[in-house]
Each structure stands twice: as structure tokens, then as C-alpha cells.
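Heads up: the sequence lines are chains F and W, in that order. Heads up: the first sequence at position 144 corresponds to 144 in the numbering used here, and the numbers run straight through without jumps. Numbers given in the numbering used here equal positions in the second sequence, counted from 1, plus 1000.
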Amino acid sequence: MTGFGRLAFVESKLFLREKAALLGVFGLPVALVIGFGLIPGFGDPQKGLSNQIGTEYIASVSVAIVLATLGLTGVPMVIGQYRERGVLRRLGVTPVRPLTLLAADVTVWAASAIISAALVVAVARVAYHVPAPHATGWFIVSVVLGIASLLAVGLLSAAVSSTARGAAGIGWLLFFPNMFLAGVYLPSEEMSSTMRQIGNFTPLGSALHAVRDSWMGIDPRPEYLGIMAAWALVAGALAARFFRWDKA
Amino acid sequence: MTAVIEVSGLTKRYGGQAAVDGISFHVDQGEIFGILGPNGAGKTTAVECLEGLRRRDGGEVRILGLDPKTDVHRLYQRIGVQLQESQLQDKLKVREALELYASFYPDPADWRELLERWGLAAKAGTRFGKLSGGQKQRLFIALALVGNPEVVFLDELTAGLDPGARRATWDLISKVRAGGVTVVLVSHFMDEVEELCDRVAILERGRIAALDTPAGLVDSAGGEYRMRFRPMAPLDEQSLGVLPGVTTVSRRGEQVTVTGTGDFPAAVTAELARRQVLAADLRIEGRSLDSAYVALTGRSMDT
């Protein structure tokens, strides 16, 4: 096995040992789908949600929450700690580069987000007969772009901060406004048009729109996909440019 | 002897201030080479330039013929490094760490054997975060050796170890050297350097203040040392003051203290024998690297 394969294997084991992370990435979204699905009438199209079925809407929101949790809280915290504690530094004096560890971690996080999204689809379907996303291809594209853009923003938060606390702080600072503007707390249908406009330009906002649309069988608007791709590229490039491998 | 490490004029500056100021030395194959000095003397900075963790601003460095500035990837296959203040992932188990790091090298050591040798076998399934300071330290030494390196850099080898574990570590490092591995040891412990090193460079304010074998440093420092004893018969101690090498003689209660240079204790004991005075509680103090260090640098290690 290559260094990357070894590191990805070890990092996935470490991920599975983090109970809080498992709860956030797999437990919470499933609980949300099941919990909201118990509300009478929630399986019907909802007027305030552009006629989307309530459970389908909650399933989409759950996918978005996983993206935000992983990208904005998990990534900066873990990478900030790896840098501060000298994990990256120690790896830097072996034949394997510290960048390989970041690549392995990004792979593990992306894979767990995809598994979590698949789990949400399966649970919604089994528990409440919510049909799987109609535009399956677009759904997958939306989730993948959402992962890419939020992980990139998380990497950028880790890159520009010098301490683990700072990295986690920036992440949390981005987390709540993003969740709000994206329409996680309040459906975008109920926002003022200005707020909805701002929300559309956030990575999480466009991800949630694209996921909801593809679930309903509508092709997601190209601007949503474009905004996510732009965030992924710009934040990813800035993270690569400013990343510090060592604590100050 | 072939030099495996050659350093000439190594310089590293931070904002105009030279942390390492034109140091030169070489390390022969199979040697244990010590870099000694107080905190802030530039020891770690110098070694990190050798390890390729920092880019030098001037001078030349070759390790196993490779320049750490340009050939660091090939270098990392052949050297092992124990860093000061680095950690591993908290939930990584000892066994997993060794197995993982072993997998990075083309010709690794048997990590199970390292586990045994460094007293970690009972902790193989323990997570890094649950290890004691000494266990972590031993794990990092084992990790530095897991790639079967030709040169190993150890920065503050016995930091956090209790006295027994320090002794055991010294024995193991001697065995590592016996296997033909060249060792560079950064330390601020005199006893460690005196016990282990073939040669020592004393670093002070980024420069080499002295470079010799530990015994050579003690000799060249010259300096006075002390002899104390309790005469078992009446003795006019002032008569010892004329002996060659003796500088002062004093008495407190029953105890006589003689200071001097060179081989004065031999002269004193011969004189006592001639007068048929037995000396009880005879002690000779100060012939250590510790006092040589003070003599060579003009200050003690702790300042």
C-alpha cells in the first residue's frame, strides 16, 4: 500500500473512534429525518416549501447540515490540531509528505459525507417512503460539489489561522451564519429576497438549493453549481497558497 | 573514518539576527556527536537546518552526501529524526503508529522488535493520548529508528524520563551506535553528553564555543578543582600549600579542603602517606564537563 493508502486507512480508523464526529455526521441527520417525519402531515407537499414533501425537505437539510458540520467545524479543528501538536511536522521528516495526510483526511471526510447522504436517502425511503432523488445524477453532482466547496472553506480557515483554537473559532464563526443564510433554520421561501440572494452566494446555500431541486427532479440551476465550484476553486487555491505547515 | 555529516559555515538568520552564526563541524560514521548548549543557543535551529525542516541562509551542509536543501526526499529515506515537542494523533495506538511509520520506508526495521526493545510491548494497544510522558518519549525514539536509518537525530533524548529510564535509554543508544548508526544528540544535560558522546560541540549564541571529546573539553578547560578529606591524625595542613599544583588549603572543623590544578591530588596523597596520615572521606570534585562548561563559556548551563 502507498503512503496515501496507509494514511487514509489509519485516518478512517481514527475517525471511527471519534464518537462525537460519528454522532454529528451519521446520527444527527438520521435522527432529524426520523424525528421530523413523525410530525403528522409532514409526508405531504408543503405549501411554504415550494410544494416539496416535508420529509424530503428535512432530508435535504440534513445533507446540508452534514456538509457544514464536516467542512466548517471538523476540518479546521482536526487540521489545526495536527499542525499545533506537531503531527504534520513529524510526518515532514519521513519520506511521506504532510500534504499526503491532508489528502488522506479530505478523502475520508468526503467519503463519510457521501455515506451520510446515502444513509439519509435510505432512511427517508425506508421509514417514510420518500422517493430517492429523482434527478439522481444531479443529486450526486450537487452533493460532491457541496463537499468540495465546504471542505475547501474549512481548509482555508485552517490555513489562515495560526492556532488550533483560532482555526476552530473561524470555523464556528462561519458555521452559524452559513446555516442561517443557507435556509437550514428557516426555509429560504420565508426569507426576504435580499437575504435569499445573499444565501444563494454562500456555498451551503447553493448546496441546499441544488440538493432540494435534484431531489424534486428539477435540474439544479447552473448558478448554484457554478457558485459551489467557484468556492471550491477559490478557497482551495487560497488555502494552498497560505497554508502553514508549522505552528508559529 | 568517513564523514557522514559535513557542515561548513552554516548560518540561519531571523530578521537580521543570526540564530546560527557560521558553524562548522563534521561527524564521522558510527560516532555519537553531541550538540550542547543552553536554551536559545541555536542547537535546535542548527539541527533543523540539517534535517531539512528549516532552510539555511548560508553555508554548506551534506548528510550522507545529500544536501538537505535540495535532496530532502532522498535524505528522509536514510535518516531518522526525533523532534522536540511533537505529538501524534491522540487516538492512534502505539502499534498502529509504529506499523504506519514503518510502511513509509523502503527497508524498515522490524517494528515488533522495536516495541520490545523500547519497553512498549505492554502498551502496544494503548492510544497515544493515554501514554505517560516517558512512554511517549520512548515511542518517538522507536519511531526515529523504525526506518533503519543510517543517521539518527535525537533532540532532547531523555526529556521527561525518570533517572532509571534515562540510564536504560543511554544503554540502548549505545547499542544503536554499535549497529553502525551515526547519532547526533542535541542536549542540555551534561551527564548525558559526558556518558554518551564521542565528541561534543558546545554552542553558545549561535557559535561553536568549543568542540572536542568530553574528556578533552574537561582538560582544555583546565580550571581548579577540589579535594576534600578528613585527616585521621594531627596534620599541619598549611604544609600542603607548597606542593606542586596546589593553590589554596583551608580547614573547616575536621575537614581539609585543597584546591589546585593538574595532578595535585597525587602530590597531596603522597605527602599524606609520607607523614603517615590516613585520609578519611576522601573526595575529588569538579573534574566534570559541568565545570568545564562554565570555564569555557563563562557561565553555567541554567542561565
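Glycine residues also receive a C-beta, built at the ideal position from the N, C-alpha and C atoms.
Simplified DSSP state of Y1293(W), which is helix, strand or coil: For the purposes of this step, residue 1293(W) is taken as residue 293 along the second sequence, with counting starting at 1. If DSSP states are grouped into helix, strand and coil, Y1293(W) belongs with the helices.
How far does the alpha helix (DSSP H) with E56(F) in it reach, from first residue to last? In the first sequence, counting from the first residue as 1, residue 56(F) sits at position 56. Element bounds for E56(F): 54-68.
Proximal residues to V974(W) (C-beta, below 7 Å), its chain only, five neighbours per side dropped: Here chain W comprises residues numbered 1001 to 1303, so residue 974(W) is not present and cannot be evaluated.
In chain order, what residues of the segment 82-96 of chain F put their CB closer than 8 Å to some CB of chain W? Y82, R85, G86, V87, R89, R90, G92, V93, T94, P95, V96
Give the residues of chain F in contact with Y1105(W), contact being defined as C-beta atoms less than 9 Å apart. Here residue 1105(W) refers to the residue found at position 105 when the second sequence is read from its first residue. Neighbours of Y1105(W) on chain F, chain order: T94, P95.
Which two residues bound the contiguous alpha helix (DSSP H) that contains K1012(W)? To locate residue 1012(W), count along the second sequence from 1; it is residue 12. From DSSP, K1012(W) is part of no alpha helix (DSSP H) but of the beta strand (DSSP E) over 1003-1014.
Going by Cα to Cα distance, which pick from L1172(W), T1011(W), V1146(W) is closest to G1081(W)? On the second sequence, residue 1081(W) is found 81 positions in, with the first residue counted as 1. A small fix is needed here, since residue 1081(W) is Val in this sequence, not Gly. Answer by Cα proximity: V1146(W).
What residue range does the alpha helix (DSSP H) around H1026(W) cover? For the purposes of this step, residue 1026(W) is identified with residue 26 of the second sequence, where counting begins at 1. Element bounds for H1026(W): not the alpha helix (DSSP H) but the beta strand (DSSP E), 1017-1028.
Contact list for the segment 13-40 of chain F against chain W, Cβ threshold 9 Å: K13, L14, R17, E18
Using a Cβ-Cβ cut-off of less than 7 Å, give me the residues of the segment 1073-1102 of chain W that come near chain F, in sequence order. Residues passing the 7 Å Cβ filter: H1073, Y1076, Q1077, V1081, L1083, E1085, S1086, Q1087, L1088, Q1089, K1091, L1092, E1096, L1100, Y1101.
For K1043(W), collect the residues of the same chain with a Cβ closer than 7 Å to its Cβ; drop the 5 residues on either side in sequence, then sort them by chain order. The residue labelled residue 1043(W) in the question sits at position 43 within the second sequence. So the qualifying residues of the chain are I1035, G1037, V1186, L1203.
Are M179(F) and A68(F) closer than 8 Å when you measure CB to CB? Counting from 1 along the first sequence, the entry for residue 179(F) is found at position 179. Counting from 1 along the first sequence, the entry for residue 68(F) is found at position 68. M179(F) places its beta carbon less than 8 Å from that of A68(F).
Select from the segment 1041-1054 of chain W all residues with a C-beta closer than 8 Å to any C-beta belonging to chain F, and list them in chain order. E1051, G1052, L1053
Which first and last residues belong to the alpha helix (DSSP H) in which F26(F) is found? Walking along the first sequence from the start, residue 26(F) turns up at place 26. Looking at the DSSP string, F26(F) is not in any alpha helix (DSSP H), and its letter there is neither H nor E.
Using 8 Å for Cβ pairs, my map puts S142(F) next to F15(F). What's the rounded Cβ distance? Within the first sequence, the letter at position 142 stands for residue 142(F). Within the first sequence, the letter at position 15 stands for residue 15(F). Wrong, their Cβ atoms sit about 24 Å apart, outside the cutoff.
Output needed for V160(F): all residues of its chain with C-beta closer than 6 Å, excluding positions within five of it in sequence on either side, in chain order. Indexing the first sequence from 1 puts residue 160(F) at position 160. Excluding residues within five positions, the ones whose Cβ falls inside 6 Å are F242.
For the structure I just gave you, are there three or more beta carbon pairs, one from the segment 119-134 of chain F and one from the segment 48-56 of chain F, closer than 8 Å? yes
6 Å CB neighbourhood of L238(F) in its chain, flanking five on each side removed: The residue labelled residue 238(F) in the question sits at position 238 within the first sequence. Closer than 6 Å at the Cβ level, and outside the excluded window around L238(F), lie L156.
Between which two residues does the alpha helix (DSSP H) carrying V141(F) extend? The residue given as residue 141(F) occupies position 141 in the first sequence. Here the alpha helix (DSSP H) through V141(F) covers 136-160.
Given this structure, state the Cα-to-Cα distance separating A117(F) from V30(F), to the nearest angstrom. Taking the first residue of the first sequence as position 1, residue 117(F) is located at position 117. Taking the first residue of the first sequence as position 1, residue 30(F) is located at position 30. Using only the alpha carbons, I get a separation of about 10 Å.
Taking the alpha-carbon positions, what's the A1159(W) to Q1137(W) distance? As a first step, residue 1159(W) is located in the second sequence; it is residue number 159 there, counting from the start. As a first step, residue 1137(W) is located in the second sequence; it is residue number 137 there, counting from the start. If you take the alpha carbons of A1159(W) and Q1137(W), they lie about 8 Å apart.
Within the same chain, show all residues whose beta-carbon is closer than 6 Å to that of H209(F), passing over the 5 residues directly before and after it, in chain order. For the purposes of this step, residue 209(F) is identified with residue 209 of the first sequence, where counting begins at 1. Cβ within range, chain order: Y224.
What is the residue span of the alpha helix (DSSP H) that L233(F) lies within? Position 233 of the first sequence, counted from the start, is the residue given in the question as residue 233(F). Per DSSP, L233(F) belongs to the alpha helix (DSSP H) from 222-242.
Between S206(F) and A167(F), what straight-line distance do the alpha-carbon atoms span, to the nearest angstrom? Locating residue 206(F) in the first sequence gives position 206, counting from the first residue. Locating residue 167(F) in the first sequence gives position 167, counting from the first residue. When rounded, the distance between both Cα atoms is 24 Å.
Same chain, Cβ closer than 6 Å to P45(F), neighbours up to 5 away in sequence not counted: In the first sequence, residue 45(F) corresponds to position 45, counting from 1. Cβ within range, chain order: N51, I53.
Taking Cβ-Cβ distances shorter than 8 Å, what residues in chain W pair up with G3(F)? Counting from 1 along the first sequence, the entry for residue 3(F) is found at position 3. Within chain W, the residues near G3(F) are S1103, F1104.
Give every residue of the same chain whose Cβ lies closer than 7 Å to the Cβ of S1008(W), excluding the five residues on either side of it in the sequence, and list them in chain order. Position 8 of the second sequence, counted from the first residue, corresponds to residue 1008(W). Excluding sequence neighbours, S1008(W) sits near S1024, G1059, E1060.
Taking 8 Å as the limit between beta carbons, can you name the residues of its chain near D1212(W), skipping five residues before and five after? Working through the second sequence from its first residue, we reach residue 1212(W) at position 212. Contacts found: R1199, V1200, S1220.
What does the Cβ neighbour count give for N1039(W), buried or exposed, with the cut at 16 atoms within 10 Å? Indexing the second sequence from 1 puts residue 1039(W) at position 39. N1039(W) should be labelled exposed.
Using a cut-off of 9 Å between C-beta atoms, extract the partners of V143(F) located in chain W. In the first sequence, counting from the first residue as 1, residue 143(F) sits at position 143. Correct list: empty, because the minimum Cβ distance to chain W is about 28 Å.
Three-state class that DSSP yields for T1303(W) in the structure shown: Taking the second sequence and counting its residues from 1, one reaches residue 1303(W) at position 303. For T1303(W), the predicted structure reports a pLDDT of 43, less than 50, and the residue's modelled location is therefore unreliable. A value from the coordinates is still provided. Residue state, collapsed to three classes: coil.
Could you check if T1303(W) is buried or exposed, using at least 16 other CB atoms within 10 Å of its CB as the buried criterion? Here residue 1303(W) refers to the residue found at position 303 of the second sequence. For T1303(W), the predicted model reports a pLDDT of 43, less than 50, meaning its position is unreliable; a value from the coordinates is still stated below. Classification of T1303(W): exposed, given that the 10 Å Cβ count is below 16.
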